[in-house]
């Protein structure tokens, strides 16, 4: 006996099996906008390499399929992901005809399914390992370093998305900076306004329902509509308030994008501040008053520190949401990664869309992991207890 | 001395505390007892102005408690509550140092005081000082709550059902600790409870409240012997008031000459314990030993039964 299937492993092995043997590994296109031709693993890689890759994938799939020690699963998933990441670059170089600058090779569904399957395995292992918050951030750093190494080494240069990047290297980093500025700047503004507003809502009950309802309604306005709504007032501000247009405030561009992101950010920050403050143990609050703390001392010494983990959760929601939403800023000339997405859509060039989308997803993912780690760290240190 | 003069607190038309006057002697332990909604907690909270009275005055050592701002008044009065209200994000040492810090003591003085109080409450300062409240048991949290209330050496300590959340065994221990602390510092303690047993055990004086009114304010013996109203009588509990009465006296007061067989009892034990021991062991008399262990006579069931009768 002793051989038993792992429940999640069955799913992972099935996805990996389909990805490795039935779905195309890479797509070849004669130029960047024509339809692609699928290439299987063995077609996409030189002969011994493809077989080696398949062998590694089968072995890793088997480790996932059965109940195996965590260390083995960790090793299998890491190895499979590393080999996949490395060899997709080889596929690019192998499939591109010598000297042809128009041909495009990109990862196809099989590759993405394999990545998904083994990422799932890795995530499952990491969950079971119950890593500390710091451990997770370190791991994220290692993954980022590995990807950076692959990028810097030129291993992926023959892939379509990097060819798009090569054509736009300067504007890529400009838009990246703009994207981060929009996401973080609007978050900072939302925190500066939202936390005091949340505290006010907590203290003044009459205000609470009204403010939260208004912010709720703002959240439901589609972003494109919100941009439209903002054109008129911001245009008026630019035209009538001295210095406003010098600051870059216009009816279209970065200013309305910033304002829209800020407005969307307010609800999570305000709502979580209110919820966090409401969750402060009554006894702690009463004791604080009874010992002679003034209102301000109570707020900053007791209430806010106790509400902080919840507030931080709100900030995490906002940051991840903003990194994604900032893409839309490109619609009104606000810049950011959305520029590539919309250009790509316009030119039906999927690779260009990916050049905008992949960094956005990676950024949001990293932000989520880092802030989750911070939230958990803060919450365990200040673990609240209601004395029974 | 705390003088409460015609104090009234109204919420709308309802008088939660209705024209209460009483004088609390210094260095005594006064227990305010009543059912929930009797106004006992509101009365307590008007002393440190967590609740502002509608009318009437409260004077602490002759000074109107409204002569200083509320938060300054409260820093000079100890305050401990049910569920202890420790700050979960601060260590035990930081919790205890709260009021001294507010008063601007320097760090060395705060640390010395925190260590002194922890040691007094049988918590090792080095082990417990750096811990967080959630790492402590309920009884330990309660002791830290008391230490925090005493940190700035207040003359007056207000306690709102401080033992309400403790199990019976830890509660008894906490009560003994409180009596020891009161003896040591001479703090004037005002304690609110709904438990008449606790009131009789702890109080030098007991104030019984019902529906906002002060019904009776007297010594425990007086309350047991001559309950002012039917309500007080119900609160005392007719079935065991003789035993409560016995619990107020020490064995040394009922020692008779002579000797008896078997296990003895200390002169400092309560008469109630003596009677219980006699009934349980099926004896009619038992020897009594003085505090230094010398036999000084005996105590009899008959002698105790006489004591349990309603005082004339």
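Protein chains in written order, with UniProt numbering: chain D, 1 to 388; chain Y, 1 to 312. The C-beta atom is built at its ideal place from N, Cα and C for all residues, glycine as well.
Legend: CB atoms of the region 93 to 111 of chain Y lying less than 7 Å from CB atoms of chain D belong to residues 98, 99, 102.
Neighbourhood of residue 305 of chain D in chain Y, by CB distance below 8 Å: 89, in chain order. Scanning the region 229 to 273 of chain Y from its first residue to its last, the whole alpha helix (DSSP H) runs of 4-plus residues come out as 230 to 236, 241 to 247.
When Cβ pairs closer than 8 Å are counted between the two stretches, the region 65 to 81 of chain Y is seen to touch the region 150 to 170 of chain Y, the count reaching three or more.
Contact between residue 327 of chain D and residue 336 of chain D holds: their C-beta atoms lie close to 6 Å from each other, under 8 Å. Ranked by Cα distance from residue 28 of chain D, the options D:72, D:10, D:108, D:49 are led by D:108.
Counting the other Cβ atoms within 10 Å of the Cβ of residue 96 of chain Y gives 16 or more, which makes it buried. Comparing alpha carbon positions, the residue from Y:68, Y:40, Y:16, Y:134 closest to residue 195 of chain Y is Y:40.
Put simply, the CB of residue 285 of chain D is near chain Y, with a gap under 9 Å to one of its CB atoms. For residue 183 of chain Y, the enclosing alpha helix (DSSP H) begins and ends at 168 to 185. With respect to the 9 Å criterion, residue 369 of chain D and residue 136 of chain D are classified as neighbours on the basis of their beta carbons. With contacts defined by Cβ atoms closer than 9 Å, residue 271 of chain D and residue 212 of chain D form a contacting pair. The beta carbon of residue 194 of chain D lies closer than 6 Å to those of 266, 269, 270 in the same chain, with the five residues before and after it left out.
Short of 7 Å from the beta carbon of residue 180 of chain Y, and not among the five residues preceding or following it, lies no beta carbon of its own chain. Between residue 274 of chain Y and residue 304 of chain Y, the beta carbon gap of about 6 Å places them in contact (Cβ cut-off 8 Å). Interface flag for residue 281 of chain D against chain Y is set, since a Cβ pair is found closer than 9 Å. Legend: CB atoms of the region 37 to 62 of chain Y lying less than 9 Å from CB atoms of chain D belong to residues 45, 48, 50. Every unbroken stretch of the alpha helix (DSSP H) spanning 4 or more residues and falling wholly within the region 62 to 133 of chain Y is given here in chain order: 70 to 75, 92 to 96, 98 to 102, 107 to 120, 125 to 128. In this structure, DSSP gives residue 142 of chain D a helical state, which the three-state scheme calls helix. Scanning its chain for C-beta atoms nearer than 8 Å, with the 5 sequence neighbours on each side dropped, one finds around residue 119 of chain D the residues 77, 81, in chain order. Residues of chain D with a Cβ closer than 7 Å to the Cβ of residue 194 of chain Y do not exist; the shortest Cβ-Cβ separation is about 17 Å. Within the region 210 to 242 of chain Y, no residue has its Cβ closer than 9 Å to any Cβ of chain D.
One alpha carbon belongs to residue 6 of chain D, the other to residue 15 of chain D, and they sit about 14 Å apart. When CB distances to chain Y are screened at a threshold of 9 Å, not a single residue of the region 255 to 275 of chain D falls below it. In the displayed model, residue 253 of chain D falls within coil according to three-state DSSP, outside both helix and strand. Annotated three-state conformation of residue 297 of chain Y is strand, per DSSP. For residue 127 of chain D, the enclosing alpha helix (DSSP H) starts and ends at 109 to 129. Between residue 353 of chain D and residue 340 of chain D the beta-carbon gap is near 7 Å, inside 8 Å, which marks them as a contact. The Cβ of residue 149 of chain Y sits closer than 9 Å to at least one Cβ of chain D. For residue 72 of chain Y, the residues of chain D that pass the 7 Å Cβ criterion are 292, in the order they occur in the chain. Chain D has no Cβ within less than 9 Å of the Cβ of residue 169 of chain Y.
Looking from the CA of residue 31 of chain Y, the closest CA among Y:10, Y:182, Y:110, Y:205 belongs to Y:205. Between residue 26 of chain D and the set D:12, D:11, D:85, the nearest pair of CA atoms involves D:85. Contact between residue 372 of chain D and residue 316 of chain D holds: their C-beta atoms lie close to 7 Å from each other, under 8 Å. Using a Cβ-Cβ cut-off of 9 Å, residue 4 of chain D is close to nothing in chain Y; its nearest Cβ partner there is about 39 Å away.
Per DSSP, reduced to three states, the secondary structure at residue 22 of chain Y is strand.
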